[in-house]
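Residue numbers (the numbering used here): 12 to 121.
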């Protein structure tokens, strides 16, 4: 594969960048992901995972079966996306506002 070939379309990561990460010590897809952001885009590695694993196997001169699949991390609990989209940001904003209001109140008391 040419170095200029884009392997991860979501993050626009080239084969050269992945090969560089491998030469830096990356041995798994997760290692490459941490170094390059490959697999962190919209598809979450569904498109680029196997080409990256093939590059690792090729560069390390091992079988593709020796390269582990990435670790999947499930959410702590199931939640509807609309709840997740509204609740977390709203609660974050509320906690920041409470903290800021408390600090302003403390300054007024002095």
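We put the beta carbon where it would ideally sit given N, CA and C, even for glycine. Owing to the predicted nature of the structure, the values given are computational and were not obtained by experimental measurement.
(request) Could you pull the start and end residues of the alpha helix (DSSP H) that residue 18 belongs to? (result) Reading the chain shown from its first residue, position 7 is the one you call residue 18. No alpha helix (DSSP H) holds residue 18; the beta strand (DSSP E) holding it covers 17-19.
(request) With DSSP as the reference, please indicate the residues paired to residue 24 in a beta bridge. (result) In the chain shown, residue 24 corresponds to position 13, counting from 1. For residue 24, which the question treats as bridged, DSSP gives the partners 19.
(message) I'd like to know whether the C-beta atoms of residue 32 and residue 46 end up nearer to each other than 8 Å.
(response) As a first step, residue 32 is located in the chain shown; it is residue number 21 there, counting from the start. As a first step, residue 46 is located in the chain shown; it is residue number 35 there, counting from the start. Contact annotation: residue 32 and residue 46 have beta-carbon atoms nearer than 8 Å.
(request) Tell me whether the beta-carbon of residue 20 lies closer than 8 Å to the beta-carbon of residue 78. (result) Within the chain shown, residue 20 is the residue found at index 9, counting from 1. Within the chain shown, residue 78 is the residue found at index 67, counting from 1. Cβ distance not < 8 Å, so residue 20 and residue 78 don't count as in contact.
(request) Output the boundary residues of the alpha helix (DSSP H) element that contains residue 63. (result) In the chain shown, residue 63 corresponds to position 52, counting from 1. Counting along the chain, the alpha helix (DSSP H) containing residue 63 begins and ends at 60-71.
(message) Pop quiz: residue 39 and residue 26 are said to be a contact at Cβ under 8 Å. What is the actual Cβ separation, rounded to whole angstroms?
(response) Counting from one through the chain shown, the residue named residue 39 turns up at place 28. Counting from one through the chain shown, the residue named residue 26 turns up at place 15. Contact doesn't hold; Cβ gap of about 17 Å is too wide.
(request) Taking 8 Å as the cut-off, decide whether the C-beta atoms of residue 84 and residue 75 are in contact. (result) If you number the chain shown from 1, residue 84 lands on position 73. If you number the chain shown from 1, residue 75 lands on position 64. Their beta carbons are not under 8 Å apart, which means residue 84 does not touch residue 75 by this criterion.
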